[in-house]
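*Asks:*
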Amino acid sequence: MRAFNAALLFLPLISTFVAAQAADIPMNERKSGSAFIGPDTKAMQDDDTINPGMLAVLDGEALWTEKAGAAAKSCADCHGDAKATMRGVAARYPAFVQALGRPVDLEQWINMSRTEDQKAEPLPFESKELLALAAYIARQSHGMPIAVAADAQTKPFIDAGRDIFERRAGQLNLACALCHDDNWGKRLAGNLVPQAHPTGYPIYRLEWQELGSLQRRLRSCMSAMRAEPYDFGALELVDLELYLMWRARGMPLEAPAVRP
Amino acid sequence: MIAPALAVALLFAGPASAQSQASRGETLTFDRGKGNCLTCHAIEGGDSPGNVGPALADMKKRFPDRKELAAIIFDETARNPLTVMPPFGRNLILTRQEIEAVIDFLYTR
Numbered sequence: 008m009r010a011f012n013a014a015l016l017f018l019p020l021i022s023t024f025v026a027a028q029a030a031d032i033p034m035n036e037r038k039s040g041s042a043f044i045g046p047d048t049k050a051m052q053d054d055d056t057i058n059p060g061m062l063a064v065l066d067g068e069a070l071w072t073e074k075a076g077a078a079a080k081s082c083a084d085c086h087g088d089a090k091a092t093m094r095g096v097a098a099r100y101p102a103f104v105q106a107l108g109r110p111v112d113l114e115q116w117i118n119m120s121r122t123e124d125q126k127a128e129p130l131p132f133e134s135k136e137l138l139a140l141a142a143y144i145a146r147q148s149h150g151m152p153i154a155v156a157a158d159a160q161t162k163p164f165i166d167a168g169r170d171i172f173e174r175r176a177g178q179l180n181l182a183c184a185l186c187h188d189d190n191w192g193k194r195l196a197g198n199l200v201p202q203a204h205p206t207g208y209p210i211y212r213l214e215w216q217e218l219g220s221l222q223r224r225l226r227s228c229m230s231a232m233r234a235e236p237y238d239f240g241a242l243e244l245v246d247l248e249l250y251l252m253w254r255a256r257g258m259p260l261e262a263p264a265v266r267p
Numbered sequence: 148m149i150a151p152a153l154a155v156a157l158l159f160a161g162p163a164s165a166q167s168q169a170s171r172g173e174t175l176t177f178d179r180g181k182g183n184c185l186t187c188h189a190i191e192g193g194d195s196p197g198n199v200g201p202a203l204a205d206m207k208k209r210f211p212d213r214k215e216l217a218a219i220i221f222d223e224t225a226r227n228p229l230t231v232m233p234p235f236g237r238n239l240i241l242t243r244q245e246i247e248a249v250i251d252f253l254y255t256r
């Protein structure tokens, strides 16, 4: 009884700072977003001839061998056949970059290679070209288990991503975890709430009528929470991407996925 | 705390204005940018509801104390810090008068 009263005393104190107290989804209960989409959308995703994201994969394949920048080098000039050299790569991103002392996501890594190796201008976030290259590279890991590094170097960034995931923000006072850990499988405005495992990025989203990155998806979720979204490329977005990929560790990559 | 809003509501407690208050409340309740109640709650007469929160039915019977319902809408985190329900009053999504109108409508459900 005394402990109960003491707990009551502290309730108002912690209420302002309280994060979602969600328990993590047990490993064997994790589901891909593909488990929450309708049969038509699933059929579209699973058939390469009608998955609209596959057009971007083809664009990416063409870009792979296109020379760019002052170095007049293509991706293939250094990396060879992507089907061999890029196999499993996307499953490990975001990855830690020693020179920067922090992780970068796949799109940022493509742009690092463009500026440093090709001596070319970086491709703008969400540009058709950047998404096409990301989709092509991600496709080479199709079906492979997500395997981002979880070690002494990446741990602080994974933890920072988890903090953001569990922290309430915005006018609606929501945290990612309140919906995606606590209420997955229920409906919000008629739509099933998925578990937020980013297994299929870049995704073709029917609402967008185009391909988009995980950063774009996270930003639109933040807008829906009526929070100020982080800018594209913000360190916080990469932390969040890394945490989400770690949270989805072992789950097969299925890019480019199709989502409503 | 909610006494002024309550007083305003009582001032307009005649049958005709209660009805128009309820119809204003219906608009606020279903508006995706205001009450946005349907995103989480099923309410008779509303399209594409969610089920993260309980269905809003039999409201007068379940919440005979109008103040209790107003407090939940204003800021349910005060009572339950872990709630997913947005604090509509505290975070300036709905004014106290708007919350009263929403309650007038919910009492018809």
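Just so you know, the sequences run in chain order A and B.
Just so we're aligned, residue 8 is where the first sequence starts under my numbering, counting upward by one.
Just so we're aligned, residue 148 is where the second sequence starts under my numbering, counting upward by one.
Cβ atoms here follow ideal geometry from the backbone N, Cα and C, with glycine treated the same way.
Compute the Euclidean distance between the alpha carbons of residue 244/A and residue 204/B, then round it to the nearest angstrom.
*Replies:* Locating residue 244/A in the first sequence gives position 237, counting from the first residue. Locating residue 204/B in the second sequence gives position 57, counting from the first residue. In a straight line, the C-alpha of residue 244/A is about 40 Å away from that of residue 204/B.
*Asks:* Within the continuous alpha helix (DSSP H) that includes residue 300/A, where are the two ends?
*Replies:* Outside the modelled stretch of chain A, which goes from 8 to 267, sits residue 300/A, for which no answer is possible.
*Asks:* Quick check: the Cα distance between residue 1/A and residue 215/A, rounded to an integer number of angstroms?
*Replies:* No information on residue 1/A is available, as it lies outside the stretch 8 to 267 that chain A covers here.
*Asks:* Could you round the C-beta distance between residue 197/A and residue 196/B to whole angstroms and report it? I think they count as a contact, below 8 Å.
*Replies:* Working through the first sequence from its first residue, we reach residue 197/A at position 190. Working through the second sequence from its first residue, we reach residue 196/B at position 49. That pair is a contact at about 7 Å.
*Asks:* Please confirm whether residue 174/B has its beta-carbon closer than 8 Å to some beta-carbon of chain A.
*Replies:* Within the second sequence, the letter at position 27 stands for residue 174/B. No, no contact with chain A.
*Asks:* Let me check one thing: in DSSP terms, what residues is residue 266/A bridge-paired to?
*Replies:* Your numbering for residue 266/A matches position 259 in the first sequence. The partner list for residue 266/A (beta bridge, DSSP) reads 212/A.
*Asks:* Tell me the residue span of the alpha helix (DSSP H) that contains residue 245/A.
*Replies:* On the first sequence, residue 245/A is found 238 positions in, with the first residue counted as 1. Element bounds for residue 245/A: 242 to 254.
*Asks:* Less than 8 Å between the C-beta atoms of residue 142/A and residue 64/A, yes or no?
*Replies:* Here residue 142/A refers to the residue found at position 135 of the first sequence. Here residue 64/A refers to the residue found at position 57 of the first sequence. Yes.
*Asks:* Quick test of the definition: if touching needs 3 or more C-beta pairs under 8 Å, does the stretch 115 to 131 of chain A touch the stretch 39 to 54 of chain A?
*Replies:* No, the stretch 115 to 131 of chain A does not touch the stretch 39 to 54 of chain A.
*Asks:* Whole angstroms is fine: what's the gap from residue 74/A's alpha carbon to residue 55/A's?
*Replies:* Here residue 74/A refers to the residue found at position 67 of the first sequence. Here residue 55/A refers to the residue found at position 48 of the first sequence. Straight-line Cα distance between these residues: approximately 27 Å.
*Asks:* Cβ of residue 203/B less than 8 Å from any chain A Cβ?
*Replies:* Working through the second sequence from its first residue, we reach residue 203/B at position 56. Not one chain A Cβ lies under 8 Å of residue 203/B.
*Asks:* Using only the alpha-carbon positions, how far apart do residue 202/A and residue 34/A sit?
*Replies:* Position 195 of the first sequence, counted from the start, is the residue given in the question as residue 202/A. Position 27 of the first sequence, counted from the start, is the residue given in the question as residue 34/A. Straight-line Cα distance between these residues: approximately 12 Å.
*Asks:* On the DSSP bridge assignment, give the partners of residue 103/A in chain order.
*Replies:* Along the first sequence, read from residue 1 onward, the residue named residue 103/A stands at position 96. Bridge partners of residue 103/A: 110/A.
*Asks:* Alpha carbon to alpha carbon, what distance is there between residue 49/A and residue 208/A?
*Replies:* If you number the first sequence from 1, residue 208/A lands on position 201. If you number the first sequence from 1, residue 49/A lands on position 42. Straight-line Cα distance between these residues: approximately 15 Å.
*Asks:* Nearest-angstrom Cα distance between residue 20/A and residue 224/B?
*Replies:* As a first step, residue 20/A must be located in the first sequence, where it is residue number 13. As a first step, residue 224/B must be located in the second sequence, where it is residue number 77. With a pLDDT of only 42 at residue 20/A, under the threshold of 50, the placement of this residue in the model should not be trusted; the figure read from the coordinates follows. The straight-line gap from Cα to Cα measures roughly 12 Å.
*Asks:* From the DSSP secondary-structure annotation, give me the bridge partner or partners of residue 268/A.
*Replies:* This structure leaves residue 268/A out entirely; chain A is present only between 8 and 267.
*Asks:* For the alpha helix (DSSP H) containing residue 187/B, list its first residue and its last residue.
*Replies:* Here residue 187/B refers to the residue found at position 40 of the second sequence. Counting along the chain, residue 187/B falls outside any alpha helix (DSSP H), and DSSP gives it neither H nor E.
*Asks:* Flag this pair as yes or no: are the beta carbons of residue 329/A and residue 249/B separated by less than 8 Å?
*Replies:* With chain A covering 8 to 267 only, the question about residue 329/A has no answer from this structure.
*Asks:* Do residue 87/A and residue 153/A have their C-beta atoms closer together than 8 Å?
*Replies:* The count along the first sequence starts at 1 and reaches residue 87/A at position 80. The count along the first sequence starts at 1 and reaches residue 153/A at position 146. Result no, Cβ atoms of residue 87/A and residue 153/A do not sit closer than 8 Å.
*Asks:* Who are residue 162/A's beta bridge partners in DSSP?
*Replies:* Locating residue 162/A in the first sequence gives position 155, counting from the first residue. Answer is none; residue 162/A lacks a bridge partner.
*Asks:* Tell me whether residue 234/A sits in a helix, a strand or coil according to DSSP, three-state version.
*Replies:* As a working note, residue 234/A is residue 227 in the first sequence. In this structure, residue 234/A counts as coil in the three-state DSSP scheme.
*Asks:* Closer than 8 Å by beta-carbon distance: list the chain A residues that pair up with residue 231/B, in chain order.
*Replies:* As a working note, residue 231/B is residue 84 in the second sequence. Within chain A, the residues near residue 231/B are 181, 185, 186, 189, 190.
*Asks:* Residues of chain B with CB closer than 7 Å to the CB of residue 30/A, please, in chain order.
*Replies:* As a working note, residue 30/A is residue 23 in the first sequence. None at all; the shortest Cβ gap to chain B is about 12 Å.
*Asks:* Check whether the Cβ of residue 184/B lies closer than 8 Å to any Cβ atom in chain A.
*Replies:* Translated into the one-based positions of the second sequence, residue 184/B becomes position 37. Not an interface residue.
*Asks:* Would you check if the distance between the CB atom of residue 213/A and the CB atom of residue 98/A is smaller than 8 Å?
*Replies:* In the first sequence, the residue the question calls residue 213/A occupies position 206. In the first sequence, the residue the question calls residue 98/A occupies position 91. Result no, Cβ atoms of residue 213/A and residue 98/A do not sit closer than 8 Å.
*Asks:* What does residue 236/B touch in chain A if you count any residue whose Cβ is under 8 Å from its own?
*Replies:* Start at 1 with the first residue of the second sequence, and residue 236/B comes out as number 89. Those do not exist, as residue 236/B stays about 12 Å from chain A at its closest Cβ, beyond 8 Å.
*Asks:* Compare the beta carbon distance of residue 221/B and residue 210/B with 8 Å and say whether it is the shorter of the two.
*Replies:* For this step, residue 221/B is matched to residue 74 along the second sequence. For this step, residue 210/B is matched to residue 63 along the second sequence. Against a cut-off of 8 Å, the Cβ pair of residue 210/B and residue 221/B comes out as no contact.
*Asks:* I need the straight-line Cα distance from residue 162/B to residue 168/B, nearest angstrom please.
*Replies:* Translated into positions along the second sequence, residue 162/B becomes position 15. Translated into positions along the second sequence, residue 168/B becomes position 21. Confidence in residue 162/B is poor, its pLDDT being 49 and thus under 50, which makes the residue's placement unreliable; the coordinate value appears in the next sentence. Rounded to whole angstroms, residue 162/B to residue 168/B spans 10 Å at the Cα level.
*Asks:* Residue 194/A bridges to which residues according to DSSP?
*Replies:* As a first step, residue 194/A must be located in the first sequence, where it is residue number 187. DSSP, once it has assigned bridges, lists 199/A as partnering residue 194/A.
*Asks:* With 16 other CB atoms within 10 Å as the buried threshold, where does residue 105/A fall?
*Replies:* By 1-based counting over the first sequence, the position of residue 105/A is 98. Exposed.
*Asks:* Quick one: list the residues of chain A neighbouring residue 199/B, beta-carbon separation under 8 Å, in chain order.
*Replies:* The count along the second sequence starts at 1 and reaches residue 199/B at position 52. The answer, in chain order, is 186, 190, 193, 194, 195, 200.
*Asks:* Could you give the distance in angstroms between the alpha-carbon of residue 101/A and the alpha-carbon of residue 239/A?
*Replies:* Taking the first sequence and counting its residues from 1, one reaches residue 101/A at position 94. Taking the first sequence and counting its residues from 1, one reaches residue 239/A at position 232. Rounded to whole angstroms, residue 101/A to residue 239/A spans 15 Å at the Cα level.
*Asks:* Just to confirm before moving on: does the CB-CB distance between residue 71/A and residue 89/A stay below 8 Å?
*Replies:* Here residue 71/A refers to the residue found at position 64 of the first sequence. Here residue 89/A refers to the residue found at position 82 of the first sequence. Going by C-beta atoms, residue 71/A is nearer than 8 Å to residue 89/A.
*Asks:* I'd like to know whether the C-beta atoms of residue 247/A and residue 172/A end up nearer to each other than 8 Å.
*Replies:* As a position in the first sequence, residue 247/A is number 240, starting the count at 1. As a position in the first sequence, residue 172/A is number 165, starting the count at 1. Cβ distance < 8 Å, so residue 247/A and residue 172/A count as in contact.
*Asks:* What residues match up with residue 181/A in a beta bridge as DSSP calls it?
*Replies:* Along the first sequence, read from residue 1 onward, the residue named residue 181/A stands at position 174. Per DSSP, 176/A.
*Asks:* Should residue 178/A be flagged as near chain B, meaning a C-beta pair shorter than 8 Å?
*Replies:* As a working mapping, residue 178/A is identified with position 171 in the first sequence. Output row for residue 178/A: interface = yes.
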